[in-house]
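J.: Numbering (the working numbering), first residue to last: 1424 to 1828. Even for Gly, the Cβ is constructed at its ideal location relative to N, Cα and C.
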Ligand SMILES: [Zn+2]
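1) So which of 1618, 1661, 1653 and 1651 has the shortest CA-CA distance to residue 1633?
2) To the nearest angstrom, how far is the alpha carbon of residue 1828 from that of residue 1807?
3) Could you check whether the Cβ of residue 1484 sits closer than 7 Å to any heavy atom belonging to ligand 1?
4) What separation, rounded to the nearest whole angstrom, lies between the Cα atoms of residue 1514 and residue 1721?
5) Check whether the segment 1748 to 1760 touches the segment 1777 to 1784, counting contact only when three or more Cβ pairs, one atom from each stretch, lie closer than 8 Å.
6) Per DSSP, which one or two residues make a beta bridge with residue 1529?
7) Within its chain, find whatever has a CB closer than 8 Å to the CB of residue 1688; leave out the 5 residues flanking it on each side and keep chain order.
8) Going by DSSP in three states, residue 1504 sits in which element: helix, strand or coil?
9) Using a Cβ-Cβ cut-off of 6 Å (strictly less than) and excluding sequence neighbours within five positions of residue 1487, which residues of its own chain qualify?
10) Taking 7 Å as the cut-off, is the beta-carbon of residue 1546 closer than that to any non-hydrogen atom of ligand 1?
11) Quick one: using the 10 Å Cβ neighbour count with 16 as the cut-off for buried, is residue 1757 buried or exposed?
12) Please name the residue in 1472, 1759 and 1575 whose C-alpha comes closest to that of residue 1788.
13) In chain order, which continuous runs of the alpha helix (DSSP H) of length 4 or greater are located wholly inside the segment 1581 to 1639?
14) Nearer than 7 Å: is that true of the beta carbon of residue 1574 relative to any heavy atom of ligand 1?
15) So which of 1666, 1698, 1626 and 1530 has the shortest CA-CA distance to residue 1819?
16) For the segment 1479 to 1523, which segments carrying the alpha helix (DSSP H) assignment without a break, of at least 4 residues, lie completely within its bounds, in sequence order?
17) Taking the alpha carbon of residue 1425 as the point to measure from, which residue in 1706, 1434 and 1461 has its own alpha carbon closest?
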């Protein structure tokens, strides 16, 4: 879509101000003042809004976001939690697994979209037939991965296959000696490198931080999941400035409903400033995952992955921390609208609102109503109500709002 966004509060290249942005061919073509309209551009007057780069969720398991929170914490480590919750033959895991993989992945896509995420890092295989330009958000495509030391297949082979692309692995997820030994174990295997991305790092020791710094490895921080399962999270205050850090939600099995909740949780730990968190979900993530098309920034030539929020006179970092899914006015993925509030949707001729996000009507990409209906039909209305998925009541569709939760 060709767009001219007028008089929007803008933050880019470390400067703030009011700017016009010209969007076309999926990119930010121009940033300036009083840009003239070119045919056939649609013009939006956005003087009451602030524009931010689309957020990058550095860790999720997209197909696992239909699950409720499971387990009875605290646990010593990930393996103890996984053993306790893995019951594919019984409710609620069995009901959720009735839903097709494609529908579960799409539900995970919507989870990310409603919090302004335009790129997500999915920790599991890349499903070529589902992801791609028709999926609600962009999914990192070039990566190597394995689950963890305990659940991984062949870690050395997975690392070798990554060939310098980000190699993503859960590690040090817990508070016991098993967790505390995992970083040095990875180092001894020769898989701790500049492209290694460690997810969690709850049990990182001073020596681990030194090693990761020396090797140039990065960390994905998931505070909500960590604090819930282990009562502790990664020592971000100690390692920031030495190790590149980004932020991820993990799935709803242990994490928060959305990345905006995770941003607030990260801030509430007192280990980071709002500005640092803003960097984590934008430029840090783009750098760690090798996104070279300008994602995470608002510069001319960058991919037009953007979000719009009502302006409140706050700094961009404060605005991000206070943001809720209901407030999102527009999300663009590669220049195409994926979510819009009714006034913006009308101006862009996108159509009527299709859903309620925290009670606020939104136009949203795709057929969310049909997706929710299929989920209800396969998982069962009663089962979904018995063990509520935290996203379910957050994202309602008109047709079935009455029936569910
Ligand atoms: Zn995970």
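T.: Straight from the coordinates:
1) 1661
2) Only weak support is given to the placement of residue 1828: the predicted model assigns it a pLDDT of 36, under 50, and the value that follows is read from those uncertain coordinates. About 9 Å.
3) yes
4) 45 Å
5) yes
6) According to DSSP, which records beta bridges pairwise, residue 1529 is partnered with nothing at all.
7) 1646, 1647, 1650 and 1679
8) helix
9) 1674 and 1676
10) yes
11) buried
12) 1759
13) 1600 to 1603, 1605 to 1612 and 1629 to 1638
14) no
15) 1530
16) 1501 to 1508 and 1516 to 1521
17) 1461
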